[in-house]
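In UniProt numbering, the protein residues as written are 1 to 202. What follows is a single structure, written as structure tokens, with notes after it.
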Ligand SMILES: O=c1nc[nH]c2c1ncn2[C@H]1C[C@H](O)[C@@H](COP(=O)(O)OP(=O)(O)OP(=O)(O)O)O1
Ligand SMILES: [Mg+2]
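If you want it as structure tokens, here you go:
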């Protein structure tokens with residue numbers, strides 16, 4: 001495993017909610033973040049059907065374009081009663097001609113569960129795959145998971161994406177109701193970051 005040895009890391013995401021969480025997670029280790037958007041890097045098309053495949057596309061595109069190591073996060077929610085959907089397509093379910101609409105996507109998700117009469121609790125996992133890529137093509141992969149359930153109605157406005165309908169195991173609040181930095185200590189992203197830090201920063 002290759003060690004990352006700098007006080008600044010390029011993060012290949014165009015999602016502001018994710019970026020804030022990642023910046024906070026890295027701050028703990030004295031690492032500042034540069035976002036791909038700030039460097040004018042384009043958002044690559046995510047053509048793979050796995051989290052790791054799409055994280056690799058994003059991380060390697062940014063590393064190649066800049067000559068710097070780059071970190072990408074591909075994530076999503078997998079719902080048991082929907083055979084793991086939306087999964088890799090979590091962001092796609094929110095796409096509209098006007099941009100992403102997560103409220104619409106959450107309605108769609110719940111309506112689908114209702115139409116299938118899915119039993120309660122509606123078990124689900126948030127997953128996060130991190131890829132740290134170097135310009136020479138080498139990379140490291142780390143995966144995190146947070147089990148929980150999809151709930152309705154939507155609750156809370158603290159987070160981003162599908163946070164208002166995801167209640168993590170062991171809590172009676174949704175990610176959307178949780179203090180953002182508390183979420184950031186227990187989430188799928190935090191789980192993957194713990195492994196990244198163990199593998200590459202220490
Ligand atoms: O902690 C989370 N809390 C709520 N929702 C979340 C979370 N983590 C991922 N999600 C959802 C929304 C996101 O849109 C999609 C991931 O899609 P994904 O392609 O990995 O990210 P993205 O397109 O938003 O940004 P980018 O690819 O530039 O990193 O899953
Ligand atoms: Mg994306």
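Here a beta-carbon is modelled for each residue, glycine too, at the ideal position from N, C-alpha and C. Source: prediction; values computed, not measured.
Residue environment: residue 89 is assigned as exposed (fewer than 16 neighbouring CB atoms within 10 Å of its CB, all protein chains considered). For residue 118, the shortest separation between its Cβ and any heavy atom of ligand 2 does not lie below 7 Å. Counting the other Cβ atoms within 10 Å of the Cβ of residue 148 gives 16 or more, which makes it buried. Under the three-state reduction of DSSP, residue 66 is assigned to helix. One thing to note: residue 150 has its Cβ no nearer than 8 Å to the Cβ of residue 127. By the C-beta density criterion, residue 98 is exposed, having fewer than 16 other C-beta atoms within 10 angstroms. Burial check for residue 103: the Cβ neighbour count within 10 Å stays below 16, so the residue is exposed.
C-alpha of residue 81 to C-alpha of residue 112: approximately 10 Å in a straight line. At a cut-off of 4 residues, the continuous stretches assigned as alpha helix (DSSP H) that sit fully inside the region 99 to 174 are 102 to 115. Here the distance from the Cβ of residue 95 to the nearest heavy atom of ligand 2 is not below 7 Å.
Judged by the Cβ position, residue 46 qualifies as a neighbour of ligand 2 at the 7 Å threshold, a heavy atom of the ligand being closer than this. Here residue 100 has 91, 94 as same chain residues with Cβ atoms under 8 Å from its own Cβ, once five neighbours each way along the sequence are excluded.
Shown here, residue 71 sits in a strand according to DSSP, grouped into three states. Collapsing the DSSP output to three states places residue 8 in a strand.
When only Cα atoms are considered, residue 169 and residue 146 end up about 8 Å apart. Scanning 178, 140, 162, 68 for the CA closest to the CA of residue 196 turns up 140. Placement of the Cβ of residue 91 at a distance of less than 7 Å from at least one heavy atom of ligand 2 is found. Each of 79, 131, 156 was checked against the Cα of residue 119, and the nearest Cα belongs to 79. Counting only residues of its own chain and dropping the five nearest sequence neighbours on each side, residue 54 has a CB closer than 7 Å to the CB of 46, 48, 74, 88.
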